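In the numbering used here, the protein residues as written are 6 to 423. Even for Gly, the Cβ is constructed at its ideal location relative to N, Cα and C. Since this is a predicted model, take the numbers as computed values, not measurements.
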Amino acid sequence: MVALTPVAKHSNNPFQFKVLKVELATRRTNNTLDPFVDITRFVKKGGISRLSKSIDSNDFDIGFFEQSNLTLTLDNSQGQFMKGRGFFVNKIIDRSRVKVVAGFRNIDDGTIDSETTFEGILSAETANASLRSETITYKILSFSSLITRLRSRSAAVDDGMDFRTAIFNLLNINEIKTYITVDINNINPKFNGTVDSGVFFEGKQLDESINKLLLASNSVLKIKNNTIFIQDREQSVDVKFEYFGKGGTRPANIIDISNYNEGDKRIITRVQFEGDLGVFDSPDFIIDKFGAKLKRVDIGFITNTIKKFGISQDILGEFQFPKTEFQITGPYLGEQVDLLDLITVDNPGYDFNTNVALYDSPDSEYDTDDVYASSNTGLIIDKNLGFKVLKVEHDFARYQTKLKVRRIGSKEFDGQLS
């Protein structure tokens, strides 16, 4: 479903109902899928966990492709979600498809603004049934998890092949295309270099092959509208959402800001390729200030020193300076904000009180009757700074969304939008 308007616009409207629906498309024995059916009535109260998807969200490492999952607890009193029973008679549980639709229903006219917040696959190995509670719990994995379950296709990558074609050849297989669209026009790595040794990919897990190519091309993999996209790490051109704290220029919509840090944990100032003695360094003044923080990378399909230098400079350019990171919780956003989207935060750190003046004496020529801050907080975030989204987490119980964000820019004090 496509939202008529962004669902976040409705998040503070009291005249509405929250809409949440879960649908299942079972997998046939010939690896095709049945049409979706509504299974919302079987979802136990509180049976949908928080949904999270992330990229680069690990504080001490670089992430390359989107990862997301949720946990679903269902009424299993009749065994309807067990192997060979109920919904799964002559069907396969593993990799059956699940969809979560969320949004709002307007009380006045009954219209619904909703959207598919998450779509993924059942993981049979995570099944956990309980006789006492008559429930069964499954983990629903994102489509990107398919990459972790498959081998790299033999002879998919040749010597001299560009990264774009290599990625396409590895992903363009039926096991993936049954669930998501793979189109070479959507594969646009930031650096489209060439492979020196195609034999490197033979026999490797598919996720290892894709991760190595993404690292070499300084790119990430995202899945949007059930389609794979390969792109650079740059944030969206337009601001997708604006947050406001107390004392901001608009009514507050920030519930919490947590895990605020300056980003030192993600700094990389030295890059070394596995098997090489040499190291590619940031300039001395950067290492002197932030320390010698080494990142070892294994990209065995690149043997050319000039290419290695270019790859190292891309990594250092992204991670050699600290960039502020934090988590921010606000209204439920649905799909209005996605990974790598640009957001702003106006949190001046104070409340205005029109009854308080710093100096108020009728006899003083310096009395201006100005309004001053009456309370302060320790956390101040400039509304003109831009942040890109590294992680999105939806809480369906509270109908809230938490984002992990990182300041944009490539230098220490970058990030100003205006």
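Cβ distance (whole Å) where residue i is taken to contact residue j below 8 angstroms
i	j	result
L299	R275	4 angstroms
G208	I259	49 angstroms between Cβ atoms; not a contact.
N74	L146	5 angstroms
F86	I126	Contact flag wrong, Cβ pair sits at about 15 angstroms.
G339	T122	6 angstroms
L79	F47	5 angstroms
Neighbourhood of residue i by C-beta distance below 8 angstroms, restricted to the same chain and skipping five residues each side
i	result
N231	E124, F148, Y184, I185 and T186
D163	V200 and G203
I228	E71, S147, F148, S149, I185 and F234
S59	G68, E71, Q72, S73, L344, L395, K396, V397 and K409
Span separating the alpha-carbon of residue i from that of residue j
i	j	result
F314	Q277	10 angstroms
I97	G91	12 angstroms
E330	D346	14 angstroms
D154	V350	Sequence inspection shows Arg at residue 154; the Asp mentioned does not correspond to that position. Distance between the alpha carbons of R154 and V350 is about 39 angstroms.
R411	A132	35 angstroms
N389	D343	20 angstroms
G354	E267	17 angstroms
I172	K328	30 angstroms
D261	I178	43 angstroms
I307	R156	21 angstroms
L211	K104	25 angstroms
K144	S128	6 angstroms
L38	I233	19 angstroms
V284	G198	21 angstroms
S135	F93	18 angstroms
I304	E279	8 angstroms
I152	I112	43 angstroms
For residue i, three-class secondary structure by DSSP
i	result
Q240	coil
I185	coil
S157	coil
E180	helix
G203	helix
I98	strand
I385	coil
G108	strand
K26	strand
A221	helix
K270	helix
L175	helix
D212	helix
N264	strand
I233	strand
E323	helix
T142	strand
Close Cβ partners of residue i (< 7 angstroms) along its chain, the five nearest in sequence each way excluded
i	result
K195	S222, N223, S224 and D237
I273	K298, K300, I320, L321, F324 and Q325
V42	E28 and L29
I192	R169, I172, F173 and I235
Exposure label - residue i; buried when at least 16 CB within 10 Å
i	result
Q421	exposed
V106	buried
G89	exposed
L408	buried
Y337	buried
L384	exposed
Q341	buried
Neighbourhood of residue i by C-beta, 6 angstroms cutoff - its chain only, sequence neighbours within 5 removed
i	result
K50	none
Q332	S263, N264, K407 and K409
D167	N197 and T199
CB contact below 8 angstroms: residue i versus chain C
i	result
L395	Looking at the structure shown, chain C is missing, and only one protein chain is on hand.
Distance cut-off 7 angstroms: residue i Cβ against heavy atoms of the ligand MG
i	result
D346	In the structure shown, the ligand MG is absent, as is every other ligand, since no ligand is present at all.
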